[in-house]
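A.B. asks: First, the structure itself, so that you have it in front of you.
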Amino acid sequence: MPAFEDRISFVTGAGSGIGQAMALRLASEGATVVCADINEQSAQATAARIEGLGATAVVHALDTAREEEVAAALARTCRDLGRLDVLMNNAGVGNRDWETTTAINLDGVFFGLKYACPIMAAQGGGAIVNTASIAGLGALMRPMEYHDDPVAVESASAYVAAKHGVVGLTKQFAVAFGKVGVRVNAICPGYIKTPIIAPVMAREGGAAMLTALHPIGRLGKPEEVAAVAAFLASDAASFVTGAAVPVDGGYSAR
Ligand SMILES: NC(=O)c1ccc[n+]([C@@H]2O[C@H](COP(=O)([O-])OP(=O)(O)OC[C@H]3O[C@@H](n4cnc5c(N)ncnc54)[C@H](O)[C@@H]3O)[C@@H](O)[C@H]2O)c1
Numbered sequence: 597m598p599a600f601e602d603r604i605s606f607v608t609g610a611g612s613g614i615g616q617a618m619a620l621r622l623a624s625e626g627a628t629v630v631c632a633d634i635n636e637q638s639a640q641a642t643a644a645r646i647e648g649l650g651a652t653a654v655v656h657a658l659d660t661a662r663e664e665e666v667a668a669a670l671a672r673t674c675r676d677l678g679r680l681d682v683l684m685n686n687a688g689v690g691n692r693d694w695e696t697t698t699a700i701n702l703d704g705v706f707f708g709l710k711y712a713c714p715i716m717a718a719q720g721g722g723a724i725v726n727t728a729s730i731a732g733l734g735a736l737m738r739p740m741e742y743h744d745d746p747v748a749v750e751s752a753s754a755y756v757a758a759k760h761g762v763v764g765l766t767k768q769f770a771v772a773f774g775k776v777g778v779r780v781n782a783i784c785p786g787y788i789k790t791p792i793i794a795p796v797m798a799r800e801g802g803a804a805m806l807t808a809l810h811p812i813g814r815l816g817k818p819e820e821v822a823a824v825a826a827f828l829a830s831d832a833a834s835f836v837t838g839a840a841v842p843v844d845g846g847y848s849a850r
């Protein structure tokens, strides 16, 4: 039986990159997928691809930084689809100011946990995977090491603080909801080829510089992150909770 047969999953940031790969991966393993994104058109495009696989998709336009929107979307999922088995708490941004970065990358993840965990506990269990980053495990190295660029210092600091916060939230919610069957884990991707890294890739030498940070000798693909996230959300990971798992081609092993 496919790992996610008859399971209801909710993916934030499903319109692009890692979230899109997660949504397609869950659908390919039998899940019904709610594709949530601030960009409704891109979520619809992902949903169309899911339906092309013969699976069921629903689209929710939402801003994860707005608590009431997250609460309403998760409640509506339960009302319309009957349950909530998997949450991929994934939406995020890079290269933004402190307020924007922490509102989306940290507050948004907290709102997902705050509203999904009680729903899952009440129905007897569920699994949540938060998208953190290598920036949740340590400081960002190049191209963020320039002390004389205040914009880069602010965006990198906000990103690192938010992603460390996501790792902390992962542990706290795993502990709080462990006995009621809700597992909470984080994935910590290295640099993955998605639009979020486009500004660095566009710089001269940017691709080579990012590649050199990964002992495996290349950047990651969204599907490689989605595979680990799907494992963590599946019953195969039934004794894994509170973990922050690098998916980084060896970046954090250096
Ligand atoms: N690509 C990488 O190198 C990398 C590395 C580590 C972690 N991450 C993390 O992975 C996650 C996904 O990033 P990606 O690389 O797929 O980027 P991406 O830009 O391809 O996708 C991000 C998606 O999130 C959506 N989004 C942004 N703000 C939102 C909001 N407030 N509410 C709802 N949706 C919103 C965007 O519309 C987009 O569809 C992010 O949390 C990011 O920080 C990415």
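When the letters of the sequence shown are read in order and numbered with our numbering, they come out as residues 597 to 850.
By construction, the Cβ of each residue, glycine as well, lies at the ideal position given by its N, Cα and C atoms.
1. Count the other C-beta atoms from every protein chain shown that fall within 10 angstroms of the C-beta of residue 675, then say buried if there are 16 or more, exposed otherwise.
2. Just verifying my parser: in three-state terms, what is the DSSP assignment at residue 737?
3. Evaluate residue 656 with the Cβ neighbour count: other Cβ atoms within 10 Å of its Cβ, from every protein chain shown; 16 or more gives buried, anything less gives exposed.
4. Which two residues bound the contiguous beta strand (DSSP E) that contains residue 722?
5. Leaving out the 5 sequence neighbours to the left and right, which residues in its chain are closer than 7 angstroms to residue 640 when beta-carbon positions are compared?
6. Exposed or buried, which one is residue 759 when buried takes at least 16 other CB atoms within 10 Å?
7. Taking buried to mean at least 16 other C-beta atoms within 10 Å of its own C-beta, is residue 597 buried or exposed?
8. Just checking, does the stretch 776 to 786 make contact with the stretch 719 to 727 on the three C-beta pairs under 8 angstroms criterion?
9. Classify residue 812 as buried or exposed, calling it buried when 16 or more other Cβ atoms lie within 10 Å of its own Cβ.
10. Closer than 6 angstroms by C-beta to residue 754: which residues in its own chain qualify, once you throw out the five before and the five after it? Chain order, please.
11. Looking only at its own chain, which residues have a Cβ that is under 8 angstroms from the Cβ of residue 774, when we skip the five neighbours before and after it?
12. Tell me the DSSP secondary structure of residue 779 in three-state form.
13. Applying the criterion that 16 or more other CB atoms from any shown protein chain within 10 Å of the CB defines a buried residue, is residue 834 buried or exposed?
14. Compute the beta-carbon to beta-carbon distance between residue 682 and residue 722, rounded to the nearest angstrom, for a pair I have assumed lies under 8 angstroms.
15. So, with DSSP's three-state summary, where would you put residue 836?
16. Assuming residue 590 contacts residue 611 under a Cβ cut-off of 8 angstroms, what Cβ separation, rounded to an integer in Å, is found between them?
17. Where residue 618 and residue 756 are concerned, what is the direct C-alpha to C-alpha distance, given to the nearest angstrom?
18. Run through DSSP, which three-state label would residue 684 get?
19. Using the Cβ count rule (16 or more neighbours within 10 Å means buried), how would you classify residue 609?
20. Could I get the ranges of all uninterrupted alpha helix (DSSP H) runs contained in the stretch 633 to 670, with 4 residues as the minimum, in chain order?
21. In the structure shown, what three-state DSSP assignment does residue 751 receive?
22. Kindly indicate which three-state DSSP category residue 715 falls into: helix, strand or coil?
23. Look at the Cβ atom of residue 613, then the Cβ atom of residue 818, and state whether they are nearer than 8 angstroms.
24. Given residue 776, which residues of its chain have a CB within under 6 angstroms of its CB, disregarding the five upstream and five downstream residues?
C.D. replies: Per the coordinate set shown:
1. Walking along the sequence shown from the start, residue 675 turns up at place 79. With fewer than 16 other Cβ atoms within 10 Å, it is exposed.
2. Position 141 of the sequence shown, counted from the start, is the residue given in the question as residue 737. Looking at residue 737 - three-state DSSP - the assignment turns out to be coil, as it is neither helix nor strand.
3. One-based indexing of the sequence shown puts residue 656 at position 60. When all chains shown are included, residue 656 counts as buried.
4. The residue given as residue 722 occupies position 126 in the sequence shown. Taken as a continuous stretch (DSSP letters only), the beta strand (DSSP E) holding residue 722 covers 722 to 727.
5. Position 44 of the sequence shown, counted from the first residue, corresponds to residue 640. Correct list, in chain order: 655.
6. Here the question's residue 759 lines up with position 163 in the sequence shown. The residue is buried, with at least 16 neighbouring Cβ atoms inside 10 Å.
7. In the sequence shown, the residue the question calls residue 597 occupies position 1. Residue 597 should be labelled exposed.
8. yes
9. Within the sequence shown, residue 812 is the residue found at index 216, counting from 1. Exposed is the call here.
10. Counted from its first residue, the sequence shown places residue 754 at position 158. Cβ within range, chain order: 694, 697 and 698.
11. By 1-based counting over the sequence shown, the position of residue 774 is 178. Counting only Cβ-Cβ distances below 8 angstroms, and skipping sequence neighbours, we find 837 and 838.
12. Indexing the sequence shown from 1 puts residue 779 at position 183. If DSSP states are grouped into helix, strand and coil, residue 779 belongs with the strands.
13. Against the sequence shown, residue 834 aligns to sequence position 238. Looking at its Cβ environment, which holds fewer than 16 other Cβ atoms inside 10 Å, residue 834 is exposed.
14. Taking the sequence shown and counting its residues from 1, one reaches residue 682 at position 86. Taking the sequence shown and counting its residues from 1, one reaches residue 722 at position 126. With a Cβ gap of about 7 angstroms, residue 682 and residue 722 count as contacting.
15. Within the sequence shown, the letter at position 240 stands for residue 836. Of the three classes helix, strand and coil, the one that applies to residue 836 here is coil, per DSSP.
16. With the chain covering 597 to 850 only, the question about residue 590 has no answer from this structure.
17. In the sequence shown, residue 618 corresponds to position 22, counting from 1. In the sequence shown, residue 756 corresponds to position 160, counting from 1. Looking at the two C-alpha atoms, the distance is approximately 23 angstroms.
18. For the purposes of this step, residue 684 is taken as the residue at position 88 of the sequence shown. In the structure shown, residue 684 sits in a strand (DSSP, three-state: E or B).
19. The residue you call residue 609 lines up with position 13 of the sequence shown. The residue is buried, with at least 16 neighbouring Cβ atoms inside 10 Å.
20. 636 to 648
21. In the sequence shown, the residue the question calls residue 751 occupies position 155. Helix at residue 751.
22. The count along the sequence shown starts at 1 and reaches residue 715 at position 119. If DSSP states are grouped into helix, strand and coil, residue 715 belongs with the helices.
23. Against the sequence shown, residue 613 aligns to sequence position 17. Against the sequence shown, residue 818 aligns to sequence position 222. It is a contact, given that the beta carbons lie within the stated cut-off.
24. Numbered from its first residue, the sequence shown carries residue 776 at position 180. Taken in chain order, the residues that qualify are 717.
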